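*Asks:* After the structure tokens below, expect a handful of questions from me.
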Amino acid sequence: MGSMSPLFRRRKKKPGDRTVTLIGKPGCHLCDDARTVVAEVCAQTGAAWEERDITQDEELHRAYWEQIPVVLVDGEQHTFWRVDPGRLRRELEG
Numbered sequence: 085m086g087s088m089s090p091l092f093r094r095r096k097k098k099p100g101d102r103t104v105t106l107i108g109k110p111g112c113h114l115c116d117d118a119r120t121v122v123a124e125v126c127a128q129t130g131a132a133w134e135e136r137d138i139t140q141d142e143e144l145h146r147a148y149w150e151q152i153p154v155v156l157v158d159g160e161q162h163t164f165w166r167v168d169p170g171r172l173r174r175e176l177e178g
């Protein structure tokens, strides 16, 4: 009984199975900085990334307009305003 049943082990996702979402808007210099960091870290780790524009989505605008840029990892908020590349990489690599 020394090892846990496979049903109780949480499987870590590989970076290639993760998705980073950058939520921002055009003309936002912090969003431009965040885009550069997200693109570089995702290229290094193999994670997919997408960008969402709060000016095109009322729900995103209501939820995030004071925090942009916002970075989600697999749909959960990771950070906002400034993206730390080391922290994002650690999150993706688990």
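Heads up: take any position in the sequence shown, counting from 1, add 84, and you land on our numbering. All C-beta atoms in this analysis are idealised placements derived from N, C-alpha and C, irrespective of residue type, glycine included. Keep in mind the model is a prediction, meaning the values are calculated, not measured.
#1: Below 6 Å CB to CB, which residues in the same chain sit around Thr-139 once its five sequence neighbours on both sides are set aside?
#2: Relative to the C-alpha of Gly-100, which residue among Gly-111, Arg-119, Gln-128 and Asp-117 is closest?
#3: Looking at C-beta atoms only, is the number of pairs between the segment 119–126 and the segment 159–172 that lie closer than 8 Å three or more?
#4: For Pro-90, count neighbouring C-beta atoms within 10 Å of its own C-beta (all shown protein chains included) and say buried if the count is 16 or more, exposed if not.
#5: How is Ala-132 classed by DSSP in three states: helix, strand or coil?
#6: Using a threshold of 8 Å, state whether the C-beta atoms of Ala-131 and Val-104 are closer than that.
#7: Tell me, please, which residues DSSP counts as bridged to Leu-156.
#8: Using a Cβ-Cβ cutoff of less than 8 Å, which residues in the same chain neighbour Trp-149 once the five nearest sequence positions on both sides are dropped?
#9: On the DSSP letters alone, give me the boundaries of the alpha helix (DSSP H) that Gly-111 sits inside.
*Replies:* On the basis of the coordinates in this document:
#1: In the sequence shown, the residue the question calls residue 139 occupies position 55. So the qualifying residues of the chain are Lys-109.
#2: As a working mapping, residue 100 is identified with position 16 in the sequence shown. Answer by Cα proximity: Gln-128.
#3: In short, these stretches touch, since the Cβ pair count reaches three.
#4: Here residue 90 is taken as the residue at index 6 of the sequence shown, counted from 1. Confidence at Pro-90 is low in this model, with a pLDDT of 49, below 50, so the placement of that residue should be treated as unreliable; the coordinate-derived value is given next. So Pro-90 counts as exposed.
#5: Position 48 of the sequence shown, counted from the start, is the residue given in the question as residue 132. In the three-state reduction of the DSSP assignment, Ala-132 falls in the strand class.
#6: Translated into the one-based positions of the sequence shown, residue 131 becomes position 47. Translated into the one-based positions of the sequence shown, residue 104 becomes position 20. Their beta carbons are under 8 Å apart, which means Ala-131 touches Val-104 by this criterion.
#7: What you label residue 156 is simply residue 72 of the sequence shown in a count that begins at 1. Per DSSP, the beta-bridge partners of Leu-156 are Thr-105 and Gln-161.
#8: Counting from 1 along the sequence shown, the entry for residue 149 is found at position 65. Once the five neighbours on either side are set aside, the close Cβ partners of Trp-149 are Ile-138.
#9: Numbered from 1 along the sequence shown, position 27 holds the residue referred to as residue 111. Careful: Gly-111 lies outside any alpha helix (DSSP H) and carries neither H nor E.
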